[in-house]
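Participant: Top line first, the protein sequences correspond to chains W, L, A and G.
Plus 187 on top of the position in the first sequence (first one is 1) and you've got the working numbering.
Plus 187 on top of the position in the second sequence (first one is 1) and you've got the working numbering.
Plus 119 on top of the position in the third sequence (first one is 1) and you've got the working numbering.
Plus 119 on top of the position in the fourth sequence (first one is 1) and you've got the working numbering.
Idealized CB from N, CA, C, for every residue including glycine.
In this text, all values refer to a predicted model and were calculated from it rather than measured experimentally.
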Amino acid sequence: MVVGARADVGPVVSSASSAGSGRPPAQESPTYLQAIRLALIEEMRRDERVIVFGEDVAGKKGGVFRATEGLAEMFGDERVFNSPLAEAGIVGVGIGAAMAGYRPVVEIQFADFIFPAMNQIANEAARIRYRSNGGYGCPMVIRVPYGGGIHGALYHSQSPETLFAHIPGLKVLVPGTPRDAKGLLKSAIRDDDPVLFFEHKKLYRSLREPLPGDDQLVPIGRARVAREGDRLTIVTYGYYVQIALQAAERVAAGSGRQVEVIDLRSLAPYDRELICESTRRTSRALVLYEPNISFGSGAEIAAHIGEECFAWLDAPVTRVASPDVPAIPFSAKLEEAYLVSVEGLVEKIEALLAY
Amino acid sequence: MVVGARADVGPVVSSASSAGSGRPPAQESPTYLQAIRLALIEEMRRDERVIVFGEDVAGKKGGVFRATEGLAEMFGDERVFNSPLAEAGIVGVGIGAAMAGYRPVVEIQFADFIFPAMNQIANEAARIRYRSNGGYGCPMVIRVPYGGGIHGALYHSQSPETLFAHIPGLKVLVPGTPRDAKGLLKSAIRDDDPVLFFEHKKLYRSLREPLPGDDQLVPIGRARVAREGDRLTIVTYGYYVQIALQAAERVAAGSGRQVEVIDLRSLAPYDRELICESTRRTSRALVLYEPNISFGSGAEIAAHIGEECFAWLDAPVTRVASPDVPAIPFSAKLEEAYLVSVEGLVEKIEALLAY
Amino acid sequence: MSTVSNEALVSLYRTMRLARAVDERLWILNRQGKLPFTVSCQGHEAIGAALAHVLRPGHDWVAPYYRDLALVLGLGASVEDVFLHALAKATDPVSGGRQMPAHWSFPTLRVLTTSSVTGTQTLHAVGAALVAKLKRSDEVAVTTLGEGATSEGEFHEACNFAAVRRLPVVFVVESNGWAISVPKREQLAVASVAVRAAAYGFPGEDCDGTDVAAAAASFGRAVERARAGEGPTLISAECTRLTAHTSDDQDTVYRPAEEVAEARKRDPITIARHALVARGAWDDAREEALAAELRAEVDAALGRAMAAPDPAPDTLARDVYAEGRYEGAGGVCRDTSASFVREAA
Amino acid sequence: MSTVSNEALVSLYRTMRLARAVDERLWILNRQGKLPFTVSCQGHEAIGAALAHVLRPGHDWVAPYYRDLALVLGLGASVEDVFLHALAKATDPVSGGRQMPAHWSFPTLRVLTTSSVTGTQTLHAVGAALVAKLKRSDEVAVTTLGEGATSEGEFHEACNFAAVRRLPVVFVVESNGWAISVPKREQLAVASVAVRAAAYGFPGEDCDGTDVAAAAASFGRAVERARAGEGPTLISAECTRLTAHTSDDQDTVYRPAEEVAEARKRDPITIARHALVARGAWDDAREEALAAELRAEVDAALGRAMAAPDPAPDTLARDVYAEGRYEGAGGVCRDTSASFVREAA
Ligand SMILES: Cc1ncc(C[n+]2csc(CCOP(=O)(O)OP(=O)(O)O)c2C)c(N)n1
Ligand SMILES: Cc1ncc(C[n+]2csc(CCOP(=O)(O)OP(=O)(O)O)c2C)c(N)n1
Ligand SMILES: [Mg+2]
Ligand SMILES: [Mg+2]
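1) Does the distance from the CB of residue 276 (chain A) to the CB of residue 242 (chain A) come in under 8 Å?
2) Would you call residue 433 (chain A) buried or exposed, if buried means 16 or more other Cβ atoms sit within 10 Å of its Cβ?
3) Going along chain W in order, which residues have a C-beta closer than 8 Å to the C-beta of residue 317 (chain L)?
4) Is there at least one non-hydrogen atom of ligand 3 closer than 7 Å to the beta-carbon of residue 266 (chain A)?
5) Say yes only if the C-beta of residue 298 (chain G) is nearer than 7 Å to one or more non-hydrogen atoms of ligand 4, and no if none qualify.
6) Since residue 307 (chain G) meets chain A, which of its residues come closer than 8 Å, beta carbon to beta carbon?
7) Flag residue 272 (chain A) as yes if its beta-carbon sits less than 8 Å from any beta-carbon of chain G, otherwise no.
8) What three-state label does DSSP hand residue 214 (chain W) in the structure shown?
9) Just how far apart, CA to CA, sit residue 403 (chain A) and residue 397 (chain A)?
10) Using a C-beta cutoff of 8 Å, does residue 426 (chain W) count as contacting chain G?
11) Exposed or buried, residue 252 (chain A), counting other C-beta atoms within 10 Å across all chains shown (16 or more means buried)?
12) I want to check one thing, is the minimum distance from the CB of residue 306 (chain W) to the heavy atoms of ligand 4 below 7 Å?
13) From residue 371 (chain A) to residue 217 (chain G), what distance separates their C-alpha atoms?
14) Which one or two residues does DSSP pair with residue 353 (chain G) in a beta bridge?
15) Using a C-beta cutoff of 8 Å, does residue 275 (chain A) count as contacting chain G?
16) Quick one: list the residues of chain L neighbouring residue 303 (chain W), beta-carbon separation under 7 Å, in chain order.
17) Where does residue 456 (chain L) land, buried or exposed, given buried means 16+ other C-beta within 10 angstroms?
18) Please confirm whether residue 401 (chain L) and residue 229 (chain L) have their CB atoms less than 8 Å apart.
19) Got a sec: is the Cβ-Cβ distance from residue 294 (chain A) to anything in chain L below 8 Å?
20) For residue 337 (chain A), which residues of its own chain have a beta-carbon under 7 Å away from its beta-carbon, when the five flanking residues on both sides are left out?
21) Within its chain, find whatever has a CB closer than 7 Å to the CB of residue 538 (chain L); leave out the 5 residues flanking it on each side and keep chain order.
22) With a threshold of 8 Å between beta carbons, is residue 335 (chain W) in contact with chain L?
23) Measuring CB atoms only, is the stretch 203-219 of chain A touching the stretch 286-299 of chain A, in the sense that at least three cross pairs come out at less than 8 Å?
24) Look at the Cβ atom of residue 471 (chain W), then the Cβ atom of residue 423 (chain W), and state whether they are nearer than 8 Å.
25) Could you tell me whether any non-hydrogen atom of ligand 6 is closer than 7 Å to the CB of residue 418 (chain L)?
26) Give the range of the beta strand (DSSP E) segment to which residue 476 (chain L) is assigned.
27) When you compare each of A:138, A:423, A:366 and A:388 to residue 150 (chain A) by their alpha carbons, which one comes out closest?
28) Given the structure, does residue 362 (chain G) come close to ligand 2, in the sense that its CB is under 7 Å from one of the ligand's heavy atoms?
29) Cβ of residue 473 (chain W) less than 8 Å from any chain A Cβ?
30) Tell me, to the nearest whole angstrom, how far the beta carbon of residue 273 (chain A) is from that of residue 239 (chain A); I am working on the premise that it is less than 8 Å.
31) Is any heavy atom of ligand 4 found at a distance shorter than 7 Å from the C-beta of residue 320 (chain L)?
32) Taking the runs of the beta strand (DSSP E) that are 3 residues or longer, which of them lie wholly in the stretch 413-441 of chain W?
33) Going by C-alpha to C-alpha distance, which of L:250, L:453, L:448 and L:386 sits closest to residue 346 (chain L)?
34) According to DSSP, is residue 208 (chain W) helix, strand or coil?
35) Note down, in chain order, each residue of its chain lying with its Cβ closer than 6 Å to the Cβ of residue 495 (chain L), except the 5 sequence neighbours on either side.
36) Whose Cβ in chain A lies nearer than 8 Å to the Cβ of residue 270 (chain W)?
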C-alpha cells in the first residue's frame with residue numbers, strides 16, 4: 188500500500204486508464220476511489236434493484252470525484268441519474284424507493300452538505316423499521332465524501348460522522364483502505380438497513396492496494412488490526428489510520444516500543460470486543476479522530492474503554508482530535524495547525540508511554 | 188422545590204392565574220414554564236431588539252406549551268408572530284435578523300422537529316462569526332422543548348442535544364430548575380452567539396420554586412452542585428437531576444453514604460473544573476443522561492473524567508443512559524422500560540460504591 | 120357533476136361514517152383517561168374515502184398523514200387494527216405499540232409508515248413513484264398533507280423531483296385552514312396551494328374536500344393521469360377541522376366560535392347524507408341500520424383490542440435493525456449491552 | 120428599452136471589466152499553483168454590476184453567492200480585499216483566511232457572510248428584510264443564487280416567509296443553465312424559475328442577465344417595489360457560465376463544444392461594449408485606456424496582497440465565540456484545552 192501523492196478537494200480527472208472499462212487492468216492496484224467504483228459496478232450487475240442518484244453522479248461527469256464515472260453509460264440513465272440540487276430530496280426519495288423494494292445508493296456530494304438531509308436521515312431512514320414494527324425496511328446507502336486536508340475550507344472538509352453514529356437505526360462505516368472501501372460498500376448495499384458510508388477524500392487517490400477477488404465482503408462492525416503492538420493501542424479510522432501508522436513506525440524506530448493500531452472501519456456498530464481485547468493487552472489507549480474533539484466520535488470509544496478496561500489501564504485513555512473550531516480554514520497554514528501531524532502524535536504517544 | 192404533578196406532551200391550558208398579567212402573583216413559586224415566560228417578558232422589556240417567532244407562538248395560543256402566552260398582546264404582533272410551518276425558515280430568518288442587529292428568540296415546537304433546521308444551525312448559525320472573521324455575530328436563541336416521559340412517542344420525546352454540543356460555535360443550555368431556566372434564558376438572550384436552549388417538557392409544570400429578583404442572570408458554562416456528597420459524583424442535567432436526587436436520598440437513607448449530584452445546566456461549554464474537582468474528591472463518577480447511550484452527551488463527560496481524573500478514580504466511570512433504540516415508544520410499558528428509574532439508578536450506584 | 124354511482128356513494132358514506140364512529144370513540148377513550156392522545160380525522164372524511172375509492176389497494180402506494188383514518192379504513196385497514204394501534208398493544212400491526220395513534224403503516228396495503236414530522240412523507244411517495252416507473256408498472260403513488268405542511272422545504276423538493284422525472288404521483292393537500300392555531304393567511308399568501316403546481320410544471324387544481332363525489336372525481340382524474348404516465352398532479356382539497364388539533368390542544372382559546380359554527384355546516388358526512396337523500400338512495404331507516412351496524416362493529420373491535428396484551432418490555436429494542444439486536448447475517452449490530460434498559464427491563 | 124444613462128453604462132461597464140480582470144487573474148494564480156481554488160463570475164458580470172447599481176451600498180442588505188465578484192466590486196469592495204481574501208491572508212477582511220475564495224462578507228457594505236451551502240443565504244436576506252421592516256426603515260434586502268439552488272427546500276421557505284410577511288426582499292436567480300454538470304432541464308421542469316413567484320403570491324419576471332441595462336431596469340423596479348413596502352419580487356436573470364464550474368471542474372468532459380461557443384456569444388462584457396459603441400459612448404481609445412488602467416489597478420492590488428502575511432496559527436481558534444476562546448463577559452466559553460491544536464500550534 189502506498190501513501191502519498193496528491194489528493195485534491197475537487198474533481199480531478201482520473202487517470203484515463205480505467206475509464207469506461209468497468210475495471211482497471213488486472214495488474215493494477217486500484218485506488219480507494221476506484222475500489223468504490225468497482226463495488227458499485229459489481230453490485231449493480233448483481234442486483235438490478237440497485238440504483239444510483241445524486242448531484243452530478245450521472246452523465247459524463249460521474250460525480251465530482253468521478254466515483255460513478257461511466258455508470259450511467261453502463262447501466263442506463265434510468266438506474267443512474269442526476270437529481271435536482273436538493274439533499275433532503277435525494278435522501279427522502281431514496282427512502283421511498285427503499286420502502287418500495289429497491290436498493291438506492293445515493294450520493295451526498297460533500298459531507299458538509301448532508302445537513303439539509305438530516306431530517307430525512309435521523310427522523311425517517313433511521314426509524315422506518317422500528318416505527319413500522321418491522322413492516323418496512325430502509326435498505327439504502329448514503330455515500331458521503333468527507334474529511335480534511337484537501338484545502339476544502341469550512342464547507343468541503345467536515346467530518347460529521349459522529350452525529351450519525353449517535354442515531355440508532357443507522358449504520359456508519361468509515362473505511363480506511365481500498366480493500367475495506369470495496370468490501371464494506373458491497374456489504375452496505377446488501378444490508379437491509381440504512382448505511383452512511385463515509386469516504387475519506389484524502390484517501391481517494393492517495394491509497395492503492397491489490398484487491399482480492401470480485402466478491403469479497405468485509406463484515407460491518409468488525410475492526411481491523413492495522414499494525415500489531417504491545418505497548419499502547421491507538422484506536423482510529425479514516426485517513427488518520429495512515430498518520431497513526433507513521434507515528435507508530437517512528438516510535439518503533441526510536442525506542443523499539445511497538446504501538447498497536449486499530450482501524451475501526453465501522454463506527455456504528457463499533458467493535459467493542461477488539462478494542463477491549465487490545466487495550467487489556469497493552470494497558471494504554473489513545474483514541475485518534477478527525478471530528479472536533481468535544482462530543483466527538485472518540486469520546487464514545489474513550490468512555491467505553493474507560494468503563495470496560497478500567498482494571499487493566501496503566502494510564503488515562505487519551506484523546507487526540509481536532510480542536511473545537513468550526514471546521515478547517517482555507518489558509519494552508521491554518522489547515523496545518525488544525526490537523527493532527529505525525530510529529531504531534533508521536534509526542535502524545537511518547538507522553539502516554541512515559542505515564 | 189416540589190416535584191410531581193403531571194406533565195403532558197401537549198398543550199395543556201396553564202392555570203389561569205398568571206395569564207395575561209406578565210407575572211404571577213408575588214407569593215407564588217413559578218413553574219419552570221412560567222420562569223421561561225418571565226425571562227422572555229423581562230428581556231423583551233429590556234431590549235426592543237428582542238423578537239419572538241415560531242410556530243403557534245403568537246395569537247391567543249402562545250405556544251403549544253404556552254411559554255409565550257400573552258406575549259403578542261403585550262409586545263405587539265410585529266415583535267411576536269407566527270411563522271409558517273418551516274423550521275429551516277424559522278432558524279434561517281432568525282440568523283438573518285441576528286446579522287442585521289436584532290436578537291431573535293425562536294421556538295422549535297418540539298426538539299424532534301429541529302432536524303429540518305440542522306443545516307441552518309450547524310452550517311450557518313454556528314459559523315457566522317468564525318467565517319466572517321468576527322465581522323458578523325449571530326445573537327440568536329433557539330428554544331427547544333425536549334425530553335421524554337410524557338407519552339410523546341418517537342416524535343415528541345427526543346433528546347438530541349448531543350448533536351448540537353458537538354458543533355463548535357454553538358452554546359447548548361439544559362437548565363434543570365425554574366431558577367436556572369430563567370437565569371440562563373436571560374443570559375442566552377444577552378449572549379452574542381447562537382444558543383440552543385433545551386427546555387425539558389417533563390419539568391414544565393412539575394417543578395416550582397421561588398425566584399430571586401427580576402434581573403438575576405445565571406452564567407453560561409457553570410454547573411451547580413444540586414446535592415453534596417463525598418462517596419460518588421453523579422453528573423447529569425435536565426429531568427434526570429430529579430431522578431439522581433431521589434436516588435441519592437434513597438442511598439443515603441439506606442446506608443448513610445452521601446452521593447454528590449452535579450447539575451450541568453450548560454452542556455456546551457460544560458464545567459470541566461467543577462466535575463473534576465468533585466470527582467477527585469469522591470473518587471467515583473457516574474454520568475446520567477437521557478440521550479441514547481452510544482455517542483451521547485455523557486460519553487464526552489465520561490471520557491473527560493477518565494482523562495483528567497485517572498489517578499483519583501477508584502472505580503470505572505459509569506454511564507447510565509437511554510438504550511440505543513430510536514426514541515421512546517408510545518406504549519406506557521415500553522416508555523417505562525426505556526427511561527431510567529430511581530430503582531434502576533440506585534442499583535447502579537450501589538454497584539459502583541461496592542466496586 | 121358527479122361520476123359516482125349510488126352504490127359507490129353509499130359505500131363512500133359508510134367509510135366516512137365508520138371513520139367518524141372510530142374517531143369519536145377515540146376521543147371518548149381519551150376523555151376517560153384510557154388513551155393519552157388522539158388526533159382526529161373529523162372534517163377530513165370525504166377526502167380519505169374518496170382517495171381510497173380511486174386507488175387500487177395493495178397495488179398503489181400511499182404515504183398518508185395523521186388525519187387519514189378514513190383513507191386507511193377505505194383501503195381496507197380493520198377497525199380492530201386501528202384500535203390496537205391507538206391503544207399501543209403488543210399486537211398493534213402498525214407499529215407494535217411504538218407510535219402515537221394515527222401514524223399509519225400497513226405494508227400489505229402499501230400504506231407507507233409515517234412519522235409525525237410534517238411533510239416528510241411527500242418525498243417517500245416520490246420515491247415509491249420512482250420505483251413504480253423504473254419497474255414499468257402502472258402503480259401510482261399518492262401522498263397527503265395539511266396546507267401547513269406545504270410550507271416545509273421538503274414539500275418543494277418532492278414536487279420538483281417528481282416534475283423533473285415526470286413520476287406517477289399525486290399530491291393531495293387536505294386544506295382545513297388551520298395548522299394548529301395558525302390560520303391559513305399566516306401560512307401562505309396565495310388563496311390555494313394548487314397554484315404551486317405551475318411552479319413545477321404540472322397541473323394543479325382545487326376541489327371541494329367536503330363533497331366526497333366531487334373529491335373522488337378530482338382525485339380519479341389525477342390518478343389516471345399518473346397511471347397513464349403523464350406525471351404528477353397537485354390537488355388542494357378544501358375541508359374543515361371539526362375538532363381541536365389534537366386531544367392536547369384546546370382550540371377554544373384561539374378559534375372564534377363563529378368559525379367553528381361555519382365549519383360544522385361543512386361537515387362532509389352531513390353533506391354526503393344530503394346528497395344520498397337527494398338521489399333517493401338513502402332514508403332514515405337505512406341511516407339507523409347503518410348506525411347500529413357501525414356501533415356494533417366498533418364495540419366489538421374495541422372490545423377485542425382492549426383485551427389484547429401490552430407489549431412486553433423486551434420488545435423495546437426489537438426492529439432497530441433487521442438482524443435484531445446483536446448479531447446477524449449482514450454483520451454485527453450495534454449492541455445495547457452497555458445501556459440501562461437491560462437492567463430496567 | 121433602457122433607463123440607464125451613458126455615464127451610468129460606462130460605469131457599469133467598468134465594474135464588469137474590473138470583475139473580469141480580477142477573475143482572470145485568479146485563474147492565472149490557480150494555474151500557477153499559487154491558489155488552490157477559484158470560482159468564477161465570468162458570464163455573470165452584468166447581473167452583479169446591475170444589481171450593485173440599483174442598491175444603496177451600506178444601506179441595503181445583500182446576501183450573495185460565490186458568482187458575485189462583480190456585485191461586491193460594484194458595491195465598493197476593493198480589489199486588494201478580494202485578493203487578500205482569495206489568497207487567505209492574515210489581513211483578509213472577509214474571513215481572516217478561513218473561507219474559500221468568493222465567500223463574501225463585507226459588514227460595512229452590509230454584504231452578509233456567505234457559506235458554500237447552496238440556497239441558505241436566501242433565508243438570511245429574508246431575516247434582514249424582516250428587521251428592515253420592523254425598524255420601519257426603507258432598507259431593502261437582496262439575495263442571489265443559481266438556478267440549481269432553487270431546488271433546495273430553503274429557497275421555498277424563504278420565498279414563502281417573505282410573501283406571508285410581505286417583506287422588502289428581492290430574489291435574483293442567476294440562471295446560467297448549469298449546476299456543475301447538471302443541465303437546467305434535469306434541474307427543473309419549467310422554462311424559468313420566475314414562474315415560481317406566483318406560487319407564493321408576489322411578482323416574478325425574467326430578464327436578460329447578459330444585458331446590463333436591461334438587468335438594471337428589471338432589478339431597479341423590484342428594489343423600488345420593495346422599498347415602497349410592496350413586498351418581494353423574484354427575478355430570473357438568464358446568463359451563461361463562461362468557465363468551468365470551478366478550478367476543480369473540467370467541464371470539457373460534459374459540456375458540448377457548441378454550447379460553450381454559444382455561451383461565448385452571450386458574453387455580457389462584449390454585449391455591453393457593443394451597446395456603448397452603438398450609443399457613441401465608447402471607442403477603441405477608451406477601451407485601451409480602460410484596459411491599461413484596470414491592469415495597473417489589479418497588478419498593484421495583487422502585489423500588495425501577495426506581500427501580506429499568512430495568518431498566524433494561533434488565529435485558528437479565534438472568533439469561535441464573541442468572547443474569544445476561554446472566558447468572557449457572558450460566561451465561560453467552550454475551551455479547547457484538551458484538543459490537539461494547542462500542541463500543534
Ligand atoms: C416538522 C414539524 N414541525 C412541527 C410539527 C408540529 N405540528 C404538528 S401538526 C402541525 C400543524 C400542521 O398543520 P397542517 O399541515 O395544516 O395539517 P392539519 O393538522 O391542519 O391537518 C404542527 C405545527 C411537526 N409535527 N413537524
Ligand atoms: C447544499 C449543497 N449541496 C451541494 C453543493 C455542491 N455544489 C456547489 S455549486 C453546485 C451547483 C450550483 O448550481 P447553481 O445553483 O445553478 O449555481 P451556479 O454554480 O451554476 O452559478 C453544487 C451542486 C453545495 N455547495 N451545497
Ligand atoms: Mg391544516
Ligand atoms: Mg447554474
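Facilitator: This is what the structure holds:
1) yes
2) Residue environment for residue 433 (chain A): exposed (fewer than 16 other C-beta atoms within 10 angstroms of its C-beta).
3) Within 8 Å Cβ-Cβ: 341, 512 and 513.
4) yes
5) Correct: residue 298 (chain G) has its Cβ closer than 7 Å to ligand 4.
6) Within chain A, 279, 282, 283, 319 and 320 have C-beta atoms less than 8 Å from the C-beta of residue 307 (chain G), given in sequence order.
7) It does: the Cβ of residue 272 (chain A) has a partner Cβ on chain G nearer than 8 Å.
8) Caution applies to residue 214 (chain W), whose pLDDT of 47 falls short of 50 and renders its modelled position unreliable; the model cannot decide the point.
9) 13 Å
10) no
11) buried
12) no
13) 53 Å
14) G:290 and G:323
15) The C-beta of residue 275 (chain A) comes closer than 8 Å to at least one C-beta of chain G.
16) 306
17) buried
18) Taking 8 Å as the cut-off, the beta carbon of residue 401 (chain L) is found closer than this to the beta carbon of residue 229 (chain L).
19) no
20) Cβ neighbours of residue 337 (chain A) beyond the five flanking positions: 324, 326 and 354.
21) Excluding its 5 nearest sequence neighbours in each direction, residue 538 (chain L) has no C-beta neighbour in its own chain below 7 Å.
22) no
23) no
24) For residue 471 (chain W) and residue 423 (chain W), no; Cβs fall outside 8 Å.
25) Only ligand 1, ligand 2, ligand 3 and ligand 4 can be found as ligands here, which leaves ligand 6 out of the picture.
26) Taken as a continuous stretch (DSSP letters only), the beta strand (DSSP E) holding residue 476 (chain L) covers 472-479.
27) A:366
28) no
29) no
30) That belief holds up - the Cβ atoms of residue 273 (chain A) and residue 239 (chain A) are roughly 6 Å apart, short of 8 Å.
31) Residue 320 (chain L): no, Cβ never under 7 Å from ligand 4.
32) 419-423
33) L:386
34) Below a pLDDT of 50, predicted positions are generally treated as unreliable, and residue 208 (chain W), at 47, falls in that range; no measurement from the model is reported.
35) 463
36) 280
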